[in-house]
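**Q**
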Amino acid sequence: MPHVEHEPRQLIVGAILMLVTGIVQTFGVVTLEENVDRVRDRVTRDATRARMVGVLSAVIFYLFALHIVEMALWAGFYSSVVDFPSFSSALYESALAFTTMDIAHLPPNWKFLSAAEGITGLLMFAWSTGVLFNHTAWVTDARRQYLRKHHVFGLKSKETKPGS
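Per our numbering, residue 440 is the first one in the sequence shown, and the count goes up by one each step.
#1: What is the residue span of the alpha helix (DSSP H) that isoleucine 499 lies within?
#2: Quick one: what's got a C-beta closer than 7 Å to methionine 510's C-beta in the same chain, skipping five residues either side?
#3: Give every residue of the same chain whose Cβ lies closer than 8 Å to the Cβ of threonine 575, excluding the five residues on either side of it in the sequence, and list them in chain order.
#4: Going by alpha carbons, who is nearest to glycine 560 out of Leu545, Trp577, Val578 and Asp541?
#5: Express the C-alpha separation of leucine 505 and valine 475 in angstroms, rounding to a whole number.
#6: May I ask you to report which of helix, strand or coil DSSP gives glycine 602?
#7: Cutting at 7 Å between CB atoms, please list the residues of its own chain near tryptophan 549, excluding the five before and the five after it.
#8: Could you check what DSSP says for histidine 544 in three-state terms: helix, strand or coil?
#9: Note down, in chain order, each residue of its chain lying with its Cβ closer than 7 Å to the Cβ of phenylalanine 503, except the 5 sequence neighbours on either side.
#10: Look at leucine 512 and leucine 456 and say whether their C-beta atoms are less than 8 Å apart.
#11: Measuring straight from C-alpha to C-alpha, what distance separates threonine 470 and glutamine 464?
#12: Which residue wins for smallest C-alpha separation from proline 447, given the options Thr539, Gly461, Leu552 and Asp485?
#13: Counting along the chain, where does the alpha helix (DSSP H) carrying aspartate 476 start and finish?
Structure, rendered in structure tokens:
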């Protein structure tokens with residue numbers, strides 16, 4: 440088990456990085472919501488499969504990119520305290536900790552940051568899961584309403600003429 444020095448500096452830096460990550464997530468989610476609101480009426484009116492897949496794919500890609508930015512924040516700090524061969528190496532270590540797949544290889548006087556990043560990653564992923572669930576719910580509801588409006592028991596509605 441690695442020796443971790445009892446330094447308040449680790450707790451303070453960890454708390455600051457957690458707070459900044461939460462702020463990045465907040466602004467990221469608010470921006471996502473604003474962008475989705477711009478297309479929500481159009482998607483709800485014409486909820487085709489392509490639009491449904493498009494919206495949900497865009498949300499997933501956006502959340503993925505947001506988490507990469509958050510990992511890069513931690514990696515930036517790691518690069519300043521550890522002599523990693525490259526930023527991509529620091530980002531890899533950060534990704535391991537953020538996803539709780541492994542611990543980041545940090546000096547003993549910074550080991551706590553790996554655990555703090557893991558906790559932060561869990562919180563951010565949970566938050567993103569809620570966001571994704573929310574978007575999946577309204578998109579599938581819009582699709583259900585669209586199908587009810589345009590189809591009856593799998594047949595075209597009475598509004599369409601036979602043979603069209």
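Glycine residues also receive a C-beta, built at the ideal position from the N, C-alpha and C atoms.
**A** The relevant details are as follows:
#1: Taking the first residue of the sequence shown as 1, we reach residue 499 at position 60. That run of the alpha helix (DSSP H) goes 488 to 520.
#2: One-based indexing of the sequence shown puts residue 510 at position 71. These residues qualify, in order along the chain: Leu530, Ser533, Ala534 and Phe537.
#3: Taking the first residue of the sequence shown as position 1, residue 575 is located at position 136. Cβ neighbours of threonine 575 beyond the five flanking positions: Leu495.
#4: In the sequence shown, residue 560 corresponds to position 121, counting from 1. Nearest option by C-alpha distance: Asp541.
#5: Counted from its first residue, the sequence shown places residue 475 at position 36. Counted from its first residue, the sequence shown places residue 505 at position 66. One C-alpha to the other measures close to 15 Å.
#6: Within the sequence shown, the letter at position 163 stands for residue 602. Model confidence at glycine 602 stands at a pLDDT of 49, short of 50, so the residue's coordinates are unreliable and nothing is read from them.
#7: In the sequence shown, counting from the first residue as 1, residue 549 sits at position 110. Same-chain partners within the cutoff: Gln449 and Val520.
#8: Numbered from its first residue, the sequence shown carries residue 544 at position 105. In this structure, histidine 544 counts as coil in the three-state DSSP scheme.
#9: The sequence position of residue 503 within the sequence shown is 64, counting from 1. Contacts found: none.
#10: Walking along the sequence shown from the start, residue 512 turns up at place 73. Walking along the sequence shown from the start, residue 456 turns up at place 17. Contact annotation: leucine 512 and leucine 456 have beta-carbon atoms nearer than 8 Å.
#11: For the purposes of this step, residue 470 is identified with residue 31 of the sequence shown, where counting begins at 1. For the purposes of this step, residue 464 is identified with residue 25 of the sequence shown, where counting begins at 1. CA-to-CA, the gap between threonine 470 and glutamine 464 works out to about 10 Å.
#12: As a first step, residue 447 is located in the sequence shown; it is residue number 8 there, counting from the start. Taking only the C-alpha atoms, the option nearest proline 447 is Leu552.
#13: Working through the sequence shown from its first residue, we reach residue 476 at position 37. Where aspartate 476 is concerned, the enclosing alpha helix (DSSP H) starts and stops at 447 to 484.
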